[in-house]
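One structure is given below, encoded as structure tokens.
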Amino acid sequence: MTPAAGPSDDPSDEAIRAIAHPSRRTMLRLVWDRERPASELADAAGLSRPAASQHLKQLREAGLVTVRVDANRRLYRADLGRIAQVASFLDDFWSEPLRRLTAAAEAKAGNPDAGGQAP
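Residue numbers (this note's numbering): 5 to 123.
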């Protein structure tokens, strides 16, 4: 029996879990190129302020956003360096499996005996 998935020491796992939720991806896109207050992010994502706060906390803990306090507002911005690290991890993770899949598909397409049809 395979052990259940649990917490990992790999920081990329936390970041991937953070971007798995559509509302968090929406908020992350909004702070990509400029700071925005939490209230604006909540409204744009269609979330209550408390729900948005929890999602922003997950993005912050994953290192995907930074927060700056300005008077009584919290301003969020994407950490593009961290996002680049996660993107690089995903590129490395998928490059070899995708290369093998492409090679297998091309081989099958070029070999009618393999069950594919030649173009």
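Quick reminder that beta carbons are idealized off the backbone N, C-alpha and C, glycines included.
Given the structure is predicted, the values throughout are model-derived calculations rather than measurements.
Spatial distance of residue i from residue j (CA atoms)
| i | j | result |
| --- | --- | --- |
| L32 | G114 | 43 Å |
| S99 | A91 | 12 Å |
| E39 | A82 | 8 Å |
| P124 | A56 | The chain is shown only over 5 to 123; residue 124 falls outside these bounds and no answer can be derived. |
| L34 | G85 | 16 Å |
| L51 | D37 | 21 Å |
| D95 | A48 | 29 Å |
| A66 | E44 | 21 Å |
| Q62 | A88 | 18 Å |
| E18 | Y80 | 19 Å |
Same chain, Cβ closer than 6 Å to residue i, five either side skipped, listed in chain order
| i | result |
| --- | --- |
| R78 | A42, V71 |
| R53 | A46 |
| S16 | V90, F93 |
Simplified DSSP assignment, three categories, for residue i
| i | result |
| --- | --- |
| L68 | coil |
| R86 | helix |
| L79 | strand |
| R38 | coil |
Status (buried if at least 16 other CB within 10 Å, exposed otherwise) for residue i
| i | result |
| --- | --- |
| R103 | exposed |
| L60 | buried |
| A111 | exposed |
| V69 | buried |
| L105 | exposed |
| V73 | exposed |
| A75 | exposed |
| A109 | exposed |
Cβ-Cβ separation, residue j to residue i (assumed contact under 8 Å), whole Å
| i | j | result |
| --- | --- | --- |
| R29 | I20 | Not quite, the Cβ-Cβ distance comes to about 12 Å (not below 8 Å), so this is no contact. |
beta-carbon residue i near the ligand FAD non-hydrogen atom, thresh 6 Å
| i | result |
| --- | --- |
| I20 | In terms of ligand content, the structure shown is empty, and the ligand FAD therefore cannot be addressed. |
Own chain residues within Cβ distance below 8 Å of residue i, not counting five before or after
| i | result |
| --- | --- |
| A107 | none |
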